[in-house]
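>
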Amino acid sequence: MAAAFLLGLLLVYILGFFTTRPAKYIFLLLLPAAAFFLHKPTPDGSSLYRVLTDLRSWVKSKKRYLFEYRED
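Just so it is clear: in the sequence shown, position 24 is 23 by numbering that gives the first Met the number 0, and no numbers are missing.
1. Let's test the definition: count the other Cβ atoms within 10 Å of the Cβ of Leu27 and tell me whether it reaches 16, buried, or not, exposed.
2. Can you list, in chain order, the residues of its chain whose CB lies under 7 Å from that of Lys39, leaving out five sequence neighbours each side?
3. In the structure shown, what three-state DSSP assignment does Pro42 receive?
4. Helix, strand or coil, according to DSSP, for Thr52 in the structure here?
5. Pull up the distance between the alpha-carbon of Pro21 and that of Ile13, whole angstroms please.
6. If we count the other Cβ atoms within 10 Å of its Cβ and call it buried at 16 or more, is Gly7 buried or exposed?
7. Taking the C-alpha atoms as reference points, what is the distance between Pro31 and Ser60?
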């Protein structure tokens, strides 16, 4: 959460050169909010981040069966 906040501060500093003042503060709040909702536990004890990583590993395990290998 702290890393997301620091990254948000860095974005606010960089975006200050290109955007208006309200847009900077939206980005400042956007990253910590995203980090909070990704790691917030669900009623079954997992989190959205854990579900996404499990889905990614499942897709990787199935990917090897998508292609048909032929030996000529």
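Note that the Cβ used here is the ideal one computed from N, Cα and C, for glycine as well.
Just so you know, these numbers come straight off a predicted model, no measurement behind them.
Reading it off the structure:
1. Buried, because 16 or more other Cβ atoms sit within 10 Å of the Cβ of Leu27.
2. Setting aside the 5 residues that flank it on each side, Lys39 is surrounded in the same chain by Ser46, each with a C-beta closer than 7 Å to its C-beta; the list follows chain order.
3. Taken through DSSP and simplified to helix, strand or coil, Pro42 comes out as coil.
4. In the three-state reduction of the DSSP assignment, Thr52 falls in the helix class.
5. When the Cα atoms are used, Pro21 and Ile13 turn out to be separated by approximately 14 Å.
6. Flag for Gly7 reads buried.
7. When rounded, the separation of the alpha-carbon atoms in Pro31 and Ser60 is 32 Å.
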